[in-house]
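Protein chains in written order, with this note's numbering: chain A, 36 to 374; chain B, 36 to 374; chain C, 36 to 374; chain D, 36 to 374. All C-beta atoms, glycine included, are put in the ideal place defined by N, C-alpha and C. Contents: one structure, followed by commentary.
There are 4 protein chains.
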Amino acid sequence: MNICVNGYGTIGKRVAEALSAHPKLRLVGASKYTPDQDARLANIKGIRLFVPSESIKNFESKGIAVSGSVDDMIAQADLVIDASSDGKGLANKNGVYLPRSKPALFQGGESEDIAEMSFNARSNFDAAKGKRYVRVVSCNTTAYCRLLKPLAEHYTIKHVDAFLIRRGADPNDAKGSALNAVEWKAKSHHAHDVQTVIPAISIASTAFKVPHTIAHINSMSIQFDEVPSKDAIAELFSKESRVAMLNSATTSAQIMEAARDIGVKRYDTYAVSLLMNTLQVNGNSAFMSFFVPQESIVVPENVDAVCAHFGMGKQESMKITDDLLGIGRIKKELEAVFA
Amino acid sequence: MNICVNGYGTIGKRVAEALSAHPKLRLVGASKYTPDQDARLANIKGIRLFVPSESIKNFESKGIAVSGSVDDMIAQADLVIDASSDGKGLANKNGVYLPRSKPALFQGGESEDIAEMSFNARSNFDAAKGKRYVRVVSCNTTAYCRLLKPLAEHYTIKHVDAFLIRRGADPNDAKGSALNAVEWKAKSHHAHDVQTVIPAISIASTAFKVPHTIAHINSMSIQFDEVPSKDAIAELFSKESRVAMLNSATTSAQIMEAARDIGVKRYDTYAVSLLMNTLQVNGNSAFMSFFVPQESIVVPENVDAVCAHFGMGKQESMKITDDLLGIGRIKKELEAVFA
Amino acid sequence: MNICVNGYGTIGKRVAEALSAHPKLRLVGASKYTPDQDARLANIKGIRLFVPSESIKNFESKGIAVSGSVDDMIAQADLVIDASSDGKGLANKNGVYLPRSKPALFQGGESEDIAEMSFNARSNFDAAKGKRYVRVVSCNTTAYCRLLKPLAEHYTIKHVDAFLIRRGADPNDAKGSALNAVEWKAKSHHAHDVQTVIPAISIASTAFKVPHTIAHINSMSIQFDEVPSKDAIAELFSKESRVAMLNSATTSAQIMEAARDIGVKRYDTYAVSLLMNTLQVNGNSAFMSFFVPQESIVVPENVDAVCAHFGMGKQESMKITDDLLGIGRIKKELEAVFA
Amino acid sequence: MNICVNGYGTIGKRVAEALSAHPKLRLVGASKYTPDQDARLANIKGIRLFVPSESIKNFESKGIAVSGSVDDMIAQADLVIDASSDGKGLANKNGVYLPRSKPALFQGGESEDIAEMSFNARSNFDAAKGKRYVRVVSCNTTAYCRLLKPLAEHYTIKHVDAFLIRRGADPNDAKGSALNAVEWKAKSHHAHDVQTVIPAISIASTAFKVPHTIAHINSMSIQFDEVPSKDAIAELFSKESRVAMLNSATTSAQIMEAARDIGVKRYDTYAVSLLMNTLQVNGNSAFMSFFVPQESIVVPENVDAVCAHFGMGKQESMKITDDLLGIGRIKKELEAVFA
């Protein structure tokens, strides 16, 4: 199974590294369109780089080693992971993947109808088998799915009000949000996006953007038929490999610091961290907040979507991915730091 | 009616200015304990300054004009507005006001049992008549009361989930919150604080603090017996002089900019701004967000609490205060900018 | 003398307001190209609004009153102040002003060769007389000129190293700079820009951009033949109406807070504030830092450039402008607060 | 050689980890005074924890494993690295180390007279041999010494003007600096601090604090007798193992991102990064800016100070420390990313 990554930015570089270490998949390489720092990074990390054929000389004149053209890369791959910037995926599909009959995965920044399905490993892994076009949902939607799917399997959810405090920009974004301000977006797309994965759920969402870079801090107020106890919730999520339960954290910075301290690469935690001290029950509704590592949470989902496409079993795939990325250790150690 | 203000910080300086322009009240002056920039400001603005008797020489040696001691100030006043920093109000009450049998107003940073009642002009004005010790509730609580009281008068509220995105610090605070981080506080005190004013209401709150300085951006999910329409909500709040309804604002910075542009002193808006584009209804619950100008929203409440204490009628007092501070114009012009 | 303002953004709205109160000039109105909040603001403030003829209906359908087309506005004006966004001034010059033989002022975001001269009232007022195209230099350059011109008149300056800590964005900018980061720009354009006004000066500059919105905090290390004493510097700038000398300020937030407290509209201070506690002398060089209110500092310069164009005398013009904007009071009160 | 670390915060935890991997030193353990997340972290990382004897039960009741009392730890050590918060080092010296005749290293937050010498490995390694009390200078001072010492060895430096843009707080600090503001400190202590290590140098410094968390971005304007060329400077620093030369970086965020991408633990870079695109020469002075990783830059200096105290040779010690921390790889890869 030969995979290539089209786009080597925040998601692309992480996914390419994960794939290059996967025991059952082979990374052909990744594409770059500008000869910048990320291109040099790929060289340092030994990720084979493919660039537009007309740009090869330009890259090489800057001392950047190139393994071939983007066309070469796609020709060598059985599946493309499209990790291009928001909105470019559709042009790639129509201009590149469809003409070459090449199956592809897209990211959550694309519209849902770019693909035959929207994917979250925990929620609908098996449905991706054999699909030619699959969309891995975005970071926040992934987090909501990881939490709501187990809850929905055990309890009757009547309605979810989602409330997002989004980071203004990723750490390396040159621009991204108003300084010293809060922005709001009523009826944000996140609610509908969850429904592309878990169709039956009633959910509404409101999003706020604030000037920091570490993580999205999201919350849900969930109305149940019968609200589960805190212990039942803890018991439920203890079985979820990609949900960490932190008892004593009180700022996003503490979680990032702990990830740095325990030696997590790039302080990427992959897991969604449920903030147990925010959990409260009022009548038949439960409120809970969670920490979403916006840069890394979709990395395991991309790897699993590849495996699902090729027909690997859900348990095997998620286990391999978790081990590959050290998610088990991350969950265990974060939970121990914030015991 | 002679009033003095004990403490000349963020709230004290605003309240002192308001009182000095009040047609029915006389400001004795304000107290300062350190000879800093705020003391020089009081001189410039013509607010009479009173300092500890042992500090008079120190202030004067720095070129700051002093009108007497703090003891002098309190002796000349029929009522003290305590605007000291959080937690010092109790020491003032026990050490200064009680021994001198001097009635006093306290701020929302104090514990509720410092006073005989917690005050919000819209909600319980008349109850403050003749009370010796009254607490004006804090900025966020004031905003919740201004919105919930009219709603509760017209609809049956079953439960309120409050969600606060707090500013990390006031613009001039030297310290205040973690940089580049979100902090959270589950079961924040705000819910109970609302109940000190509107006892019957069922409410829970969760607070988040983010690194910006402009305003608190709060939200409520309100469960009704019968949810009002958007038009009904707009109709209801059109009658509230201290609630502005903004249709098109999408960031806190825009509202601050508009306040600057329309020539509002200090960009203080006094009103709570309901963000109409966040309003949505799901089943029997309504969601809405609002902008709370943390420095100024309690200023009219302090003025009204004084008038209530002395037995003035609610309508007369609120009208005088609104005119004094230009709140009618602010509401009208903000609503026009964000029509 | 009929003046119009083409563009009603951060600079345009301030300049239009200043002109509308000028005793010797008449404001025709200002132009808007999108029917947004600033257009509504112009209506509220009574600034006559002109829009592209094809957009008039669109503005009016949104309830925004329009006084005519942009072409009408320009036809009625003897001089256009171009306050459009960076880089659009040249297109306006070639497409609109030149064909109509209409004199125009441009802002500092334009390249220097858009105009016959680059203007700073203190430095080269008289040279603007009768010039058809004049560029008012940018906020930082204006501040450097206001400080360096008086120094150069009294002392021999051998070299200036300029060091800028720029605000990341204006308070209302939706985007602007990296969050949680410092950006740098070696050999920034500011040094050369100063030379477009004061040609003889040797100056180099390096600029840093940081994530805050209040003001640019700039510094100079000036090598003199004979370095002036601190008293001599204070004496020199006491005569400059647009330079305030603050002794005790230690943060940009304090200065903004003081501007709010003394009742300055929009907390616009117009003056450059020299931070006297940063002043130090090492051998023959002097170091000093200063606060540049990026939104307002060029407003008086624009007004003066108009007057200079029409041949008014320098002293008369600057005096009228200073009085119009209250700069004398601002200087005096800021200096008193930070005595 | 048994070493203990008294204090397990930002510096202490990094130094303890470095020592625990050192081939010639043995870490006894580290002390903690509150049973918080850092204590749990030490357990996870296998750092032996020592706490006040009266607190042992409290720590253990919270599930934190303790290896003994702080007194036990100090008794077992030949040398204490005091990594306590600013200003507590002196109390520790007088109350704990002097009575037990225990040699100790202190951090740069302490006053210079706490120790017999102020230490920077590159500048004065050998002088620490056998000294009982040594102070490792602070992060910024360390950076200045690493750059100025090689320059001073090859060129005659007449004067240095230092200009610091300090981060407002470390990533995990709960408080630290004014939000949305720039603070300034004229005649900051940094200039004198450099002179405690390189006594002959003429230097002045001014410090600014801005609201971000990543790194200090400092600059120097150096007056030489004869200014070196850019090539000569590059040649000079190519030999310095703890100075990286980055050609194309333009924001602090990019450097942090690169450190994350190349897999540097905690994104700690240890080296000072000279920003080569800021280098410019004006007459006989050179201007250059540099990136100071405030959390990690003193870690190698602490390790070397221990080795210097025990009489190890400078080259051997610095080589072991560099290898231990991977500084050679970090320098090489950062330079490659920003080639």
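Local conformation of residue i per DSSP, three classes
| i | result |
| --- | --- |
| Q230/D | helix |
| N155/C | coil |
| H194/C | strand |
| A56/A | coil |
| Q258/B | strand |
| T356/C | helix |
| A65/A | strand |
| L133/C | coil |
| I252/C | strand |
| E218/D | strand |
| T304/C | coil |
| T177/C | helix |
Own chain residues within Cβ distance below 8 Å of residue i, not counting five before or after
| i | result |
| --- | --- |
| T45/A | D205, N207, E330 |
Residues bridged to residue i [DSSP beta-bridge criterion]
| i | result |
| --- | --- |
| N317/B | S320/B |
| N41/A | D117/A |
| Y168/C | A139/C |
| T241/A | F198/A |
| R295/D | Looking at the DSSP assignment, R295/D forms no beta bridge with any residue, so it has no partner. |
| M280/B | L309/B |
| F325/B | N253/B, L309/B |
| F272/B | DSSP, once it has assigned bridges, lists no residue as partnering F272/B. |
| V86/B | S104/B |
| T285/C | The partner list for T285/C (beta bridge, DSSP) is empty, contrary to what the question assumes. |
Beta-carbon proximity list for residue i, same chain, < 7 Å, skipping 5 on both sides
| i | result |
| --- | --- |
| H247/D | R202, G203 |
| Y43/B | A51, A65, S66, K67, D73, A77 |
| S102/C | G64, R83, L84, F85 |
| R295/B | Y302 |
| V131/B | I109 |
| E370/B | A279, M280, L281 |
C-beta contact flag for residue i and residue j at 7 Å
| i | j | result |
| --- | --- | --- |
| V3/B | C39/B | This structure cannot settle anything about residue 3/B, because the visible part of chain B is limited to 36 through 374. |
| V217/C | A293/C | no |
| P70/A | I99/A | yes |
| Q258/B | N215/B | no |
| V63/D | N41/D | no |
| V338/D | F325/D | no |
| R170/B | S153/B | yes |
| V278/C | R49/C | no |
| A239/D | D196/D | yes |
| S276/C | D161/C | no |
| A242/D | K222/D | no |
| S212/B | K244/B | yes |
| R332/A | S287/A | The displayed chain sequence assigns Ile, not Arg, to residue 332/A. Going by C-beta atoms, I332/A is not nearer than 7 Å to S287/A. |
| N282/C | A156/C | no |
| G298/B | K300/C | yes |
| S104/A | S119/A | no |
Within chain E, partners of residue i - CB distance below 8 Å
| i | result |
| --- | --- |
| E370/D | Here the protein chains are A, B, C and D, and chain E is not one of them. |
Quiz item: Would you call the segment 115-134 of chain C and the segment 142-153 of chain C in contact, with 3 or more CB pairs under 8 Å?
Solution: yes
Quiz item: Counting Cβ pairs closer than 8 Å, one from the segment 225-241 of chain B and one from the segment 173-187 of chain B, do we hit at least three?
Solution: yes
Quiz item: Is the number of C-beta pairs between the segment 310-319 of chain D and the segment 159-169 of chain D that are closer than 8 Å three or more?
Solution: no
Exercise. Could you tell me whether the segment 260-267 of chain A touches the segment 349-357 of chain A, where touching means 3 or more Cβ pairs closer than 8 Å?
Key: no
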